[in-house]
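A.B. asks: Pasting in a structure now, in C-alpha cells, and then I'll have a few things to ask.
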Amino acid sequence: MIPAISRLLALYLVFGVVSSAYPAENIPRFVQKLHLGANQVAVISEGDFEARSIGSYSIRIYSTDGALPGDDTTFFVSGIIRPRDGTVEKVSLIDLDTKGLPSLVVQIRSVGTGGYLSADAFAVTKTAISLRGSVSGLASNADIAAALRTVIKQRNGK
9 MIPAISRLLA LYLVFGVVSS AYPAENIPRF VQKLHLGANQ VAVISEGDFE ARSIGSYSIR
69 IYSTDGALPG DDTTFFVSGI IRPRDGTVEK VSLIDLDTKG LPSLVVQIRS VGTGGYLSAD
129 AFAVTKTAIS LRGSVSGLAS NADIAAALRT VIKQRNGK
C-alpha cells in the first residue's frame, strides 16, 4: 500500500505537468491583416506567448506584387516591433497630415482601472515602415487622431 503522502505527491506532480501544458486563460491574441493599397498588406499581431496585458506587437509589411490570389503574405518587405502596455485594440489608416497619405495607426488600451489609451502612427513606403509619432496615457475616450496630429506637428517643427 502506498502511503497517502506519496499518492498526494504523485497527484501533485501529474497535475503540475498537465496544467503547465495548458494556459490558464485561452484568450486569443490580437492578429489582423490590413490592406494598405498600393499592392501592400500589413499584418499586425501581439507577441507570441506574451501576456495580453503587456509585451510587444509587430507590424509586418508584404508586397502583393506578383502574389497569387489569396497568398498576399509571401513577399516580406519590412517590419517593426514595438513595446505595448495594454492590449492592441484597433488598427486603422488615418490621414494625420492632410496630405492624402494615411498613416497606419495602432491603438492600445491599458488593462485595469482607467483603460487609458496609447497609439503609435507609422509611415509605410514601398520598402520600409517607420514610426511617425506616439502618444500614451490618454483618457479612455480621447481622440487618438487629434493627439497624434499634435505630436507629429511638434516633431516636424510646425
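In terms of the working numbering, the sequence shown opens at residue 9 and continues consecutively.
Ideal Cβ placement from N, Cα and C applies to all residues, glycine included.
Determine the direct distance from the alpha carbon of A153 to that of F83, and round the result to whole angstroms.
C.D. replies: Taking the straight line from one Cα to the other gives about 30 Å.
A.B. asks: Roughly how many angstroms lie between the CA atoms of V51 and S126, to the nearest whole one?
C.D. replies: Rounded to the nearest angstrom, the two C-alpha atoms are 19 Å apart.
A.B. asks: Taking all protein chains shown into account, decide if G120 is buried (16 or more other Cβ within 10 angstroms of its Cβ) or exposed.
C.D. replies: Its Cβ having fewer than 16 others within 10 Å, G120 is exposed.
A.B. asks: Relative to the C-alpha of G108, which residue among L42, A131 and G141 is closest?
C.D. replies: When only C-alpha atoms are compared, the closest one is A131.
A.B. asks: How long is the line joining the alpha carbons of V49 and H43, rounded to whole angstroms?
C.D. replies: Distance between the alpha carbons of V49 and H43 is about 4 Å.
A.B. asks: Would you please state the rounded distance, in angstroms, between the beta carbons of E54 and V113? I believe it to be under 8 Å.
C.D. replies: Contact flag wrong, Cβ pair sits at about 16 Å.
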